[in-house]
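Undergrad:
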Amino acid sequence: MDCEILSENRCFTFTWIIENFSYSWLKIGEAISSPVFVVDTMGKNKWRLLLYPEGDEEKTKEFISFYIRREEDCKGPQNVVINFELSFLATDDSVLMKTNTVKQSFARGKKWYADRFVERDEVLQIRRKDYLPGNVLTARCRMWHDNEETNYGHCCARTRIGVERKSFVWNIKQFSSFRESLCEIAPTSDQSMITLKLSSIRGQNSERFVCVEVYANDQLKISTFRLYLVDSSGDRTECLDDEITFDQHIKTASFILTFSKEQLMKNKNRYLPNDVLQLYCECDTATGNMLEEIEKASYGCLSSIQEGNITSNNLKSKKVFLDPTRILKENLEFSYTENLLCDTKLKTKTGLFNAHKFILGARSPVFKAMFTTDMREKNNECVTIEDLDDDTVQRMLLYIYTATLQDLQWDNACNLYVAADKYEILSLKNECSFFLKDNLSEDNCCDLLILADTHQDEDLKSAVHDYILNHKHIFHTNQWELFMKTNLELAADLMYLKCKK
């Protein structure tokens, strides 16, 4: 029976959206589980879909295995008989791969499976654009009873494989004479996950090439790595033909930049300003976490679906339920990272960062004044920022576009606080202030007191005062003695509060 013909045979549809599918770190025999869904219109039975990205056993490791399981804690009879069909869908709801219609009796806890549902290479490589648009896999299960008009229903669920994106600028100073440079990529923890090694090697005709070696540690689950050459205008050129993927089997890779050292030297005004080679690196790493949720469940007659056939257009609005705030944030981040229609640049001593005037102006009154009044930046292509380093500017821009902070540490939080105060980005200043308060210690409290006083932040200053007064042993440290010698007025204010207390 064809469950598309709903005027004759109605069915229940479960749509399962899996984000970042290619970042699954699961091994042979390990499954991604859908949220449990309850089919109220079919005896309130509980079901779950299971996908094995590397097959359910060794002999099926070249395939993705697809299971459906009736849960143990179901209501209803010991055995239920249903018709069902499992499929993978394209963005237009067309079927890319499906099982035949199956009629099966399910006891509680029983599974049915297609262990060779589709070849892994078909999904991840050959037809990746069809199966994984935006790295999202859409799976579907339809089920119905024989000779019975089941009130149709639809349930949509989402599983998101956690991925952390790190992007940064890697400056290789004194490039004309360099021999080797190292860079480490770490997630939110302190442990380095990927180490980059840049070196110069000799090729044919005595030409020297730039070689990049990439090493991933054993804790890395799966990661992709991309590298771009940044010119003096801030434009990026890919250095790799394809992105590099690390997983449980592949831990090292090496490649040659598409430019020789001689070519870079000949075009040093473009590629080596101040004898600095600038590379832009992007690294996406699986975090080892999965988030899942049932987004919507509907039963019976829906206002948007009338009696008769359900078309793909009818189901489309029920298939994907997106968080508009998250999508807006992702779109803005994409505009920034991909330099989409940028109309200004922020120039530090060693770097150049593309940006959008209207975004900067919307987030910062200082930038707004630059671009809307007769200040020189209004007509210039560049905003010169020589008092902030590259890392601080990049973090500030990422916050401006996405309102997120990545891998915040004490030093970069202090630098960001200064930048936020300078450009009057109050939300960023508050977040940095909260972080600094939460990470106060006897080693850094005096420095933070100076910072708070310099920026006339009475709230932060008061927090530091309270911390020091509650940790009176600080007054007997060498650090405090040095602080008193160089900041007499601040020390006197604090001693007055101590005596008063």
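Residue 182 in full-length UniProt numbering sits at position 182 of the sequence shown, and the numbers go up by one each step.
Think of the CB as a built atom: it goes at the ideal place given N, C-alpha and C, for glycine as much as any other residue.
Quantities reported herein were computed from a predicted structural model and do not represent experimental measurements.
Based on Cα-Cα distance, which residue from Ser335, Thr348, Tyr52 lies nearest to lysine 357?
TA: Ser335
Undergrad: Taking only three categories from DSSP, how would you classify asparagine 20?
TA: coil
Undergrad: Which residues mark the beginning and the end of the beta strand (DSSP E) in which cysteine 141 is found?
TA: 136-144
Undergrad: What are the start and end residues of the beta strand (DSSP E) that includes aspartate 407?
TA: It is not in any beta strand (DSSP E) - aspartate 407 carries neither H nor E in the DSSP assignment.
Undergrad: Going by DSSP in three states, residue 510 sits in which element: helix, strand or coil?
TA: Residue 510 lies beyond the residue range present for the chain, which begins at 1 and ends at 501; the question has no answer from this structure.
Undergrad: Run through DSSP, which three-state label would arginine 108 get?
TA: coil
Undergrad: With C-beta atoms as the reference, is leucine 89 less than 9 Å away from alanine 31?
TA: no
Undergrad: Using the Cα positions of alanine 452 and leucine 436, report the straight-line distance between them to the nearest angstrom.
TA: About 11 Å.
Undergrad: Could you give the residue range of the alpha helix (DSSP H) that holds residue 505?
TA: This structure cannot speak to residue 505, because the chain is shown only from 1 to 501.
Undergrad: Decide if the region 161-180 is in contact with the region 385-394; the criterion is three or more beta carbon pairs, one per stretch, under 8 Å apart.
TA: yes
Undergrad: By DSSP, does aspartate 457 sit in helix, in strand, or in coil?
TA: coil
Undergrad: Excluding sequence positions up to five away, which residues of its chain have a Cβ less than 6 Å from the Cβ of aspartate 231?
TA: Arg270, Tyr271
Undergrad: For lysine 345, does the three-state DSSP call read helix, strand or coil?
TA: strand
Undergrad: Can you tell me which residues form a DSSP beta bridge with glutamate 213?
TA: Lys197, Ser254
Undergrad: Which same chain residues end up closer than 6 Å to lysine 46 when comparing Cβ atoms and leaving out the 5 residues on each side of it in sequence?
TA: Excluding positions up to five away in sequence, the list reads Val36, Val38, Glu71, Cys74.
Undergrad: Does DSSP classify aspartate 56 as helix, strand or coil?
TA: coil
Undergrad: When DSSP labels each residue in this structure, what does leucine 360 get in the three-state scheme?
TA: helix
Undergrad: To which residues of the same chain is residue 502 closer than 8 Å at the C-beta, ignoring the five residues directly before and after it?
TA: In the structure as shown, the chain begins at 1 and stops at 501. Residue 502 is therefore absent and cannot be evaluated.
Undergrad: Drop a sphere of 10 angstroms on the beta-carbon of leucine 482, count the other beta-carbons inside from all chains shown, and report buried for 16 or more, exposed for fewer.
TA: Here leucine 482 is exposed, its C-beta having fewer than 16 other C-beta atoms within 10 Å.
Undergrad: I'd like to confirm the pairing. Which residues does DSSP put opposite glutamine 278 in its beta bridges?
TA: DSSP lists Asn171, Val230 as the beta-bridge partner residues of glutamine 278.
Undergrad: How many angstroms separate the CA atom of leucine 220 from the CA atom of aspartate 390?
TA: 27 Å
Undergrad: What span of residues does the beta strand (DSSP E) with cysteine 432 cover, start to end?
TA: Premise fails: cysteine 432 lies in the alpha helix (DSSP H), 426-438, not in any beta strand (DSSP E).
Undergrad: Report the partner residues of threonine 224 according to the DSSP bridge assignment.
TA: Thr245, Asp284
Undergrad: Quick one: what's isoleucine 32 bridged to in DSSP?
TA: Leu51
Undergrad: By alpha-carbon positions, which one of Met143, Val210, Tyr280, Glu213 ends up nearest to threonine 99?
TA: Met143
Undergrad: Under 8 Å by Cβ, that's how I've got valine 418 and leucine 440 pegged, so tell me the actual separation to the nearest angstrom.
TA: Valine 418 to leucine 440, Cβ: 18 Å. No contact.
Undergrad: Under the assumption that serine 200 contacts leucine 124 (Cβ atoms under 8 Å), give the Cβ distance between them as a whole number of angstroms.
TA: The Cβ separation is near 35 Å, so there is no contact.
Undergrad: Starting from the C-beta of isoleucine 18, find all residues in its chain whose C-beta is less than 6 Å away, skip the five residues before and the five after it, and write them out in chain order.
TA: Leu137, Thr159
Undergrad: Which residues mark the beginning and the end of the beta strand (DSSP E) in which arginine 70 is found?
TA: 63-70
Undergrad: In chain order, what residues of the same chain have a beta carbon less than 6 Å from the beta carbon of lysine 129, not counting five sequence neighbours either side?
TA: Sequence-distant Cβ neighbours of lysine 129 in its own chain, meaning closer than 6 Å and more than five residues away, do not exist here.
Undergrad: Measuring CA to CA, which of Thr404, Gln479, Gly76, Asn412 is closest to glycine 43?
TA: Gly76
Undergrad: Distance check for lysine 347 and aspartate 457, CA to CA, integer angstroms please.
TA: 28 Å
Undergrad: How about serine 260 and glutamate 180: are their beta carbons less than 9 Å apart?
TA: Pairing serine 260 with glutamate 180 gives a Cβ-Cβ distance that is not under 9 Å.
Undergrad: Alpha helix (DSSP H) containing valine 366: first to last residue?
TA: It spans 365-372 - the alpha helix (DSSP H) in which valine 366 sits, taken as one unbroken run.
Undergrad: According to DSSP, simplified to helix, strand and coil, what is isoleucine 161?
TA: strand
Undergrad: Nearest to isoleucine 222 by CA position, among Ala286, Val212, Leu257, is which residue?
TA: Ala286
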